[in-house]
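This report refers to the structure that appears directly beneath it.
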Amino acid sequence: MTPTAILLKRCIADVFLFAAVVIVPWWLVFPVALFLVFYFERYYEALLAAFIFDLLYGIPLRMLFGFPFLATFVFILFFYAAENIKPNVRLRR
Amino acid sequence: MRLLLEAIILVAVLMLLWFFGFSRVAAMPVSILARPLLYARLFVHDEAAWVAGFLRSEASLIAENKELKAEQARLQTALAGYDFLRQEYRSLAASFGRHPEESLAVLAAVLAKPPQTPYDTLIIDVGRKEGITVGDSVFAESIPIGEVTEVFSRSSKVVLFSSPGKESTVAVGDDALAVSARGEGGGSFSLSLPRDVALKEGDPVFLPGVPPVLFGEVGSVEVRPTDSFKTALIRGPVNIAQLRFVRVVKIDRS
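Chains A and B are the protein sequences, given in the same order. End of the first sequence sits at 93 in the numbering used here; the numbers just go up one at a time, nothing left out. End of the second sequence sits at 347 in the numbering used here; the numbers just go up one at a time, nothing left out.
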């Protein structure tokens with residue numbers, strides 16, 4: 001696949017992901033974002049989407065001393081775990 | 094190594110945003126951009142419900158129609174009794190020098206609610222322009238369900254009392270014992286009280302005040318023989334997932 005085609009795919013995925021953060025229930029958005037992290041290289045947009053999710057719906061969490069960015073923090077962990085796992089896993093391409 | 098460093102930097106940036114309160118500044122443009130999408134979602138949801146009506150059988154629609162009419166008749170009767178009791182209460186309160194005031198309320202449409210939102214929060218379509226401020230109470234009809242925690246120019250975020258970990262002081266039992274109700278999510282609460290306090294399924298739970306306001310109803314009571322406390326699970330009277338409109342009542346800051 002050409003870099004342009006990959007970029008186009010990635011842009012389309014970004015649009016859908018950011019719209020999904022606003023429109024779709026959170027328990028559906030996160031698996032989709034996780035899939036995209038594995039599908040694309042260095043999919044930083046997932047971190048941005050999680051941040052937007054926290055800005056829109058997040059509240060200070062008592063169990064975390066008022067920290068409101070739980071989704072972003074969790075996604076940072078997922079992202080970097082995925083980036084470490086991906087070289088060792090045979091994905092389609 | 095580079096990945097780890099990136100992760101640490103990102104977490105540090107998050108912490109700084111939280112510590113210096115920049116998250117509220119960043120939330121403003123996000124809420125402005127999200128608002129039309131939320132309205133679009135509501136529109137699609139309503140249209141989909143209308144289309145789904147065509148797929149239902151005539152028999153099921155007739156049966157539901159009959160059921161709803163009977164329910165409406167029952168509720169109208171109950172409402173007539175409620176209006177009478179309300180008038181009686183006002184007269185009684187006035188005779189003791191208490192004059193329940195009509196509070197200033199703003200009607201708001203619910204743009205997002207559970208399960209779309211986590212943590213039992215709502216996004217409503219009124220904000221600073223409509224005079225909403227942090228701390229204003231939110232009601233579904235006459236039932237208090239939460240309070241405003243963040244205000245943007247034309248929308249606000251409401252945290253429901255049932256939000257996990259949120260504590261509210263309520264009154265239970267014949268003696269109106271004050272206890273702390275803890276949000277468990279999904280419109281439910283739990284409270285812990287001494288085992289010898291009389292409480293059973295169906296007992297009302299109130300927010301103390303004049304007049305006391307219905308907070309919920311006891312769903313179940315759990316106690317083990319060795320415990321000195323029992324746990325009551327409370328369900329709120331409002332179905333949060335079906336909320337379409339709420340009233341925002343401004344708190345008196347005078």
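Where is the CB? At the ideal position from N, CA and C, for every residue including glycine.
**Q.** Classification of residue 44/A by the beta-carbon crowding that lies within 10 angstroms, buried from 16 upward
**A.** One-based indexing of the first sequence puts residue 44/A at position 44. That one is exposed.
Q.
Which runs of the alpha helix (DSSP H) at least 4 residues long sit entirely within the stretch 15-86 of chain A? Give them in chain order.
A. 26-39, 45-57 and 70-85
Q. Which residue from 300/B, 107/B and 329/B puts its Cα closest to that of residue 69/A?
A. Position 69 of the first sequence, counted from the first residue, corresponds to residue 69/A. The candidate whose alpha carbon is nearest that of residue 69/A is 107/B.
**Q.** Nearest-angstrom Cα separation, counted from residue 15/A out to residue 47/A
**A.** Start at 1 with the first residue of the first sequence, and residue 47/A comes out as number 47. Start at 1 with the first residue of the first sequence, and residue 15/A comes out as number 15. The straight-line gap separating the alpha-carbon atoms of residue 47/A and residue 15/A is approximately 14 Å.
Q | Straight-line gap, residue 93/A to residue 213/B (C-alpha atoms, nearest Å) | A | As a first step, residue 93/A must be located in the first sequence, where it is residue number 93. As a first step, residue 213/B must be located in the second sequence, where it is residue number 120. Confidence in residue 93/A is poor, its pLDDT being 49 and thus under 50, which makes the residue's placement too unreliable to answer from.
Q) How big is the Cα-Cα spacing for residue 175/B and residue 235/B? A) Locating residue 175/B in the second sequence gives position 82, counting from the first residue. Locating residue 235/B in the second sequence gives position 142, counting from the first residue. Those two C-alpha atoms are separated by around 12 Å.
Q) residue 238/B lies in the beta strand (DSSP E); which residues open and close that run? A) Within the second sequence, residue 238/B is the residue found at index 145, counting from 1. 236-244 is the extent of the beta strand (DSSP E) around residue 238/B.
Q) Does any C-beta atom of chain B lie closer than 8 Å to the C-beta of residue 93/A? A) For this step, residue 93/A is matched to residue 93 along the first sequence. For residue 93/A, the predicted model reports a pLDDT of 49, less than 50, meaning its position is unreliable; a value from the coordinates is still stated below. Chain B, which has no Cβ nearer than 8 Å to the Cβ of residue 93/A, makes this no.
Q: List the whole-angstrom C-beta distance separating residue 240/B from residue 255/B, where the pair is believed to meet the contact cut-off of C-beta under 8 Å.
A: Counting from one through the second sequence, the residue named residue 240/B turns up at place 147. Counting from one through the second sequence, the residue named residue 255/B turns up at place 162. 12 Å between Cβ atoms; not a contact.
Q: Could you tell me which residues DSSP pairs with residue 157/B in its beta bridges?
A: For the purposes of this step, residue 157/B is taken as the residue at position 64 of the second sequence. None, per the DSSP bridge assignment.
Q.
DSSP three-state label for residue 344/B, please.
A. As a working note, residue 344/B is residue 251 in the second sequence. Residue 344/B: coil per DSSP, three-state reduction.
(Q) What residue range does the alpha helix (DSSP H) around residue 348/B cover? (A) Residue 348/B is absent from the model: chain B starts at 94 and stops at 347.
Q: Kindly identify the DSSP beta-bridge partner or partners of residue 199/B.
A: As a working note, residue 199/B is residue 106 in the second sequence. Beta-bridge pairing links residue 199/B to 341/B.
Q) By the criterion of Cβ-Cβ separation under 9 Å, what are the contact partners of residue 208/B in chain A? A) Position 115 of the second sequence, counted from the start, is the residue given in the question as residue 208/B. Neighbours of residue 208/B on chain A, chain order: 25, 26 and 27.
Q. Is the distance from the Cβ of residue 333/B to the Cβ of residue 312/B below 8 Å?
A. On the second sequence, position 240 is the one that residue 333/B refers to. On the second sequence, position 219 is the one that residue 312/B refers to. Cβ distance not < 8 Å, so residue 333/B and residue 312/B don't count as in contact.
Q: Verify the CB distance criterion: does residue 67/A have a CB-CB separation below 8 Å to chain B?
A: The count along the first sequence starts at 1 and reaches residue 67/A at position 67. Answer yes: the Cβ-Cβ gap between residue 67/A and chain B drops below 8 Å somewhere.
Q: Kindly say whether residue 46/A, judged by its beta-carbon, lies nearer than 8 Å to any beta-carbon of chain B.
A: Sequence index remark: in the first sequence, residue 46/A carries index 46 (1-based). Chain B, which has no Cβ nearer than 8 Å to the Cβ of residue 46/A, makes this no.
Q) Who are the neighbours of residue 84/A on chain B, taking C-beta pairs under 8 Å? A) Looking up residue 84/A in the first sequence gives position 84. Under the 8 Å cutoff, chain B gives 96.
**Q.** Extent of the continuous alpha helix (DSSP H) run through residue 225/B
**A.** By one-based count along the second sequence, residue 225/B stands at place 132. Run containing residue 225/B: none; DSSP gives neither H nor E here.
Q: Could you check how far apart the C-beta atoms of residue 25/A and residue 208/B are, in whole angstroms? I think they sit under 8 Å.
A: For the purposes of this step, residue 25/A is taken as residue 25 along the first sequence, with counting starting at 1. For the purposes of this step, residue 208/B is taken as residue 115 along the second sequence, with counting starting at 1. The Cβ separation is near 5 Å, so the contact holds.
(Q) Cβ closer than 8 Å: which chain A residues qualify as neighbours of residue 123/B? (A) Within the second sequence, numbered from 1, the residue matching residue 123/B stands at position 30. Those are 52, 55 and 56, listed as they occur along chain A.
(Q) Considering only the alpha carbon of each residue, which of 321/B, 319/B, 272/B and 288/B lies closest to residue 298/B? (A) Here residue 298/B refers to the residue found at position 205 of the second sequence. Measuring from the Cα of residue 298/B, the nearest candidate turns out to be 272/B.
Q) Taking all protein chains shown into account, do 16 or more other C-beta atoms lie within 10 angstroms of the C-beta of residue 4/A, making it buried, or fewer, making it exposed? A) By 1-based counting over the first sequence, the position of residue 4/A is 4. Per the 10 Å Cβ criterion, exposed.
Q. Just how far apart, CA to CA, sit residue 65/A and residue 211/B?
A. Counting from 1 along the first sequence, the entry for residue 65/A is found at position 65. Counting from 1 along the second sequence, the entry for residue 211/B is found at position 118. Distance between the alpha carbons of residue 65/A and residue 211/B is about 18 Å.
Q) Of all the options 11/A, 6/A, 53/A and 38/A, which has the alpha carbon lying nearest to the alpha carbon of residue 89/A? A) The residue you call residue 89/A lines up with position 89 of the first sequence. Distance from the Cα of residue 89/A is smallest, within the candidate group 11/A, 6/A, 53/A and 38/A, for 38/A.
Q: Could you confirm whether any beta carbon from chain A is found closer than 8 Å to the beta carbon of residue 275/B?
A: Counting from 1 along the second sequence, the entry for residue 275/B is found at position 182. Chain A, which has no Cβ nearer than 8 Å to the Cβ of residue 275/B, makes this no.
Q) Mind checking if residue 132/B is an interface residue toward chain A, Cβ cutoff 8 Å exclusive? A) If you number the second sequence from 1, residue 132/B lands on position 39. So, not an interface residue.
Q) Taking the C-alpha atoms as reference points, what is the distance between residue 316/B and residue 324/B? A) Taking the first residue of the second sequence as position 1, residue 316/B is located at position 223. Taking the first residue of the second sequence as position 1, residue 324/B is located at position 231. Going by the C-alpha atoms only, they are around 6 Å apart.
**Q.** Option nearest residue 215/B by Cα separation, candidates 242/B, 115/B and 261/B
**A.** Start at 1 with the first residue of the second sequence, and residue 215/B comes out as number 122. Answer by Cα proximity: 242/B.
Q) According to the Cβ coordinates, are residue 290/B and residue 270/B closer than 8 Å? A) Translated into the one-based positions of the second sequence, residue 290/B becomes position 197. Translated into the one-based positions of the second sequence, residue 270/B becomes position 177. A contact, by the Cβ cut-off of 8 Å.
Q | Residue-level contact to chain B via CB, residue 22/A, 8 Å cutoff | A | By 1-based counting over the first sequence, the position of residue 22/A is 22. So yes, residue 22/A belongs to the interface.
Q) Using DSSP with H/G/I as helix, E/B as strand and the rest coil, what is residue 104/B? A) On the second sequence, residue 104/B is found 11 positions in, with the first residue counted as 1. DSSP places residue 104/B in helix when its eight states are reduced to three.
Q. So what's residue 120/B in DSSP terms, helix, strand or just coil?
A. Here residue 120/B refers to the residue found at position 27 when the second sequence is read from its first residue. In the structure shown, residue 120/B sits in a helix (DSSP, three-state: H, G or I).
Q.
Helix, strand or coil, according to DSSP, for residue 93/A in the structure here?
A. If you number the first sequence from 1, residue 93/A lands on position 93. Below a pLDDT of 50, predicted positions are generally treated as unreliable, and residue 93/A, at 49, falls in that range; the measurement from the model is reported next regardless. Residue 93/A: coil per DSSP, three-state reduction.
Q. Closer than 7 Å: is that where the CB of residue 210/B sits relative to any heavy atom of the ligand SAH?
A. In terms of ligand content, the structure shown is empty, and the ligand SAH therefore cannot be addressed.
Q: Would you verify that the beta carbon of residue 256/B is, or is not, closer than 8 Å to some beta carbon of chain A?
A: Sequence index remark: in the second sequence, residue 256/B carries index 163 (1-based). It does: the Cβ of residue 256/B has a partner Cβ on chain A nearer than 8 Å.
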